[in-house]
Amino acid sequence: MSEKRTKHYAYMELKNEDGFSFLSMFLALTIISTTLPLFVYALHSINQIPNYYEEWSIQQFFQFMRDEIIISNEITVMDDKIILSQDDSKISIEQFDGIIRRQSDNTGHEILLGDIQDFSFDKLPYGIRLEITNSLGDIYEKSIVYYD
């Protein structure tokens, strides 16, 4: 009769019916305990991404004001608002409650920037200096040059 011998180097089905061994459980716990803090650190660093929404919105407002001033024929700086004369209309830009609004011929209500604590402007010999204080107390300033 031929006798089958098991070869140790050949693949055999696992016949472990006793469950997990102490060594396999220890290895699994070691892997979990080393990767879990790294995973928590990665999640924490994702939540720390800075939010530049305020800076971007104020920068966009400054760009808009520059474009409006460039295409204006006449610029009048009053105590509480700027009046820009463009072709057939007069555009006023002023602070209203906590926002900066734009009106065309004293009608409408276009919101240009929100969450504003203070909006001031000064007439310069070469243009206008705008200063914005947002609701967090940060101050942003920009000088816009007239183009004749």
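The sequence shown begins at 1 in UniProt numbering and counts up one residue at a time.
Even for Gly, the Cβ is constructed at its ideal location relative to N, Cα and C.
Member of the options whose CA lies at the smallest distance from the CA of residue i
{"i": "I100", "options": "Q86, S89, D80 and K90", "result": "D80"}
{"i": "E141", "options": "Y147, D118 and Y126", "result": "D118"}
{"i": "V77", "options": "F96, F22, F26 and P125", "result": "P125"}
{"i": "T133", "options": "E54, F22 and I31", "result": "E54"}
Residue i: CB within 6 Å of a non-hydrogen atom of the ligand FMN
{"i": "S21", "result": "The model on display carries no ligand, and the ligand FMN is accordingly not part of it."}
CA-to-CA distance, residue j to residue i, given in whole angstroms
{"i": "S45", "j": "P37", "result": "12 Å"}
{"i": "Q59", "j": "R102", "result": "17 Å"}
{"i": "D138", "j": "T107", "result": "31 Å"}
{"i": "G114", "j": "R129", "result": "19 Å"}
{"i": "D105", "j": "S57", "result": "25 Å"}
{"i": "T34", "j": "Y52", "result": "34 Å"}
Proximity test, Cβ basis, 7 Å: residue i and chain D
{"i": "P125", "result": "Here chain D cannot be found, since the structure has a single protein chain."}
Where the beta strand (DSSP E) through residue i begins and ends
{"i": "N134", "result": "G127 to N134"}
{"i": "E74", "result": "E74 to V77"}
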